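These notes are about the structure you will find just below.
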Amino acid sequence: MLPKDIIEKESVLSFLKKRTSKPVSFREISRALDIRKKEARMLKRVLRSLVNSGAVFKTRSNLYGIAEQMSLVPGFFEAHRDGYGFVVPEKAGEKDLFIPPRKTSGAMSGDRVIVRVESPAKREGRIIKILERRRKKVVGKLCYGKNFYYVKPRSR
Numbered sequence: 002m003l004p005k006d007i008i009e010k011e012s013v014l015s016f017l018k019k020r021t022s023k024p025v026s027f028r029e030i031s032r033a034l035d036i037r038k039k040e041a042r043m044l045k046r047v048l049r050s051l052v053n054s055g056a057v058f059k060t061r062s063n064l065y066g067i068a069e070q071m072s073l074v075p076g077f078f079e080a081h082r083d084g085y086g087f088v089v090p091e092k093a094g095e096k097d098l099f100i101p102p103r104k105t106s107g108a109m110s111g112d113r114v115i116v117r118v119e120s121p122a123k124r125e126g127r128i129i130k131i132l133e134r135r136r137k138k139v140v141g142k143l144c145y146g147k148n149f150y151y152v153k154p155r156s157r
């Protein structure tokens, strides 16, 4: 199906988009694209790249699917000092998603995240993955909770 020395991201994406019903395994993708064992490593690299970009989501059970077809929205998180925040979707024209305090998954303002939409009517969701941190270092005060430590950032 493809030149055997090149596996294109577009071919992987088009296969996944056709499979609207549910996420698929690595094995299903490699069979559908007629990938031999020798090219499996290259396919893994392509899938990793697509996952890191947010175009494809990898589930806990190592299945791959298109984020939009799984009620997932990539975007940028904006935190409020009271703990909640909003995700501004990358796709232009979509409304912001509200993220309650207990569903931020440790994301900080400016982080690129993937959100699972839990209530489409309320535009509310839960951050399920942080794709990229805006800040690599945090300056703040080390605090002790009941059974854990945490950093209270100086700047929000």
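If you read the sequence shown in my numbering, its first letter stands for residue 2, the second for the next number, and so on. Note that CB positions come from ideal geometry on N, CA and C, so glycine has one too. Predicted, not measured: the structure shown is a model, and the values here were computed from it.
Please classify residue i: is it buried, with 16 or more other beta-carbons within 10 angstroms of its beta-carbon, or exposed?
i    : result
Y150 : exposed
K146 : The sequence given here has Gly at residue 146, not Lys. G146 comes out exposed.
L143 : exposed
Alpha carbon to alpha carbon, what distance is there between residue j and residue i?
i    : j    : result
L34  : F58  : 19 Å
F78  : E29  : 33 Å
K153 : M109 : 12 Å
Y85  : E40  : 44 Å
H81  : L73  : 22 Å
G141 : A93  : 34 Å
P102 : L132 : 19 Å
T60  : L51  : 13 Å
R155 : R136 : 13 Å
Less than 8 Å between the C-beta atoms of residue i and residue j, yes or no?
i    : j    : result
M43  : I8   : yes
R124 : R117 : no
E91  : G76  : yes
N63  : F16  : no
Skipping 5 residues on each side, what residues in its chain have a beta carbon closer than 7 Å to that of residue i?
i  : result
P4 : A caution first: P4 carries a pLDDT of 48, below 50, which makes its placement in the model unreliable, though a value can still be read off. Taken in chain order, the list of residues that qualify is empty.
Shortest alpha-carbon distance to residue i belongs to which of the options?
i    : options                  : result
R113 : V88, N63, S26 and R32    : V88
E119 : L98, K138, G111 and G107 : L98
I67  : K130, N148 and K19       : K19
Could you name the residues of the same chain whose beta carbon sits closer than 6 Å to that of residue i, not counting the 5 residues immediately before and after it, in chain order?
i   : result
E11 : none
Leaving out five residues on either side along the sequence, give the residues of the same chain with a beta carbon under 8 Å from the beta carbon of residue i.
i    : result
A122 : none
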